[in-house]
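A.B. asks: Each residue of the sequence shown is one higher than the one before, starting from 53 at the first, in this note's numbering.
Virtual Cβ for every residue (Gly too), placed ideally from N, Cα, C.
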Amino acid sequence: MTFMCQQIAYQAQNSDVFLGYVGWAAGNFFTGYVLSELPAESGTTWTDTPLVAKCMAPNAGAQKGSTG
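Printed below as a string of structure tokens:
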């Protein structure tokens with residue numbers, strides 16, 4: 053997960069060159085996979101995976117160029 057956050061942060065820091073990152077989460081894959089982007093459903097609530105919440109969500113630090 054650390055390397056993915058670093059990649060997203062690098063792209064944010066170089067936004068004059070990169071347009072962004074597109075993640076793909078399709079199908080019913082093993083949710084324990086570290087690079088899974090498939091959200092978890094609990095009743096009527098959906099929860100992002102740690103990878104999405106920490107690295108890819110618009111409010112994540114990596115989106116602002118933070119690598120920490």
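In three-state terms, what does DSSP make of A105?
C.D. replies: Helix, per DSSP.
A.B. asks: Starting from T96, follow the beta strand (DSSP E) in both directions and report where the run begins and ends.
C.D. replies: Looking at the DSSP string, T96 is not in any beta strand (DSSP E), and its letter there is neither H nor E.
A.B. asks: So what does DSSP say about Y62, is it helix, strand or coil?
C.D. replies: Residue state, collapsed to three classes: helix.
A.B. asks: Closest by CA to C57, which one among E93, L87, F82?
C.D. replies: The residue with the shortest Cα to Cα distance from C57 is L87.
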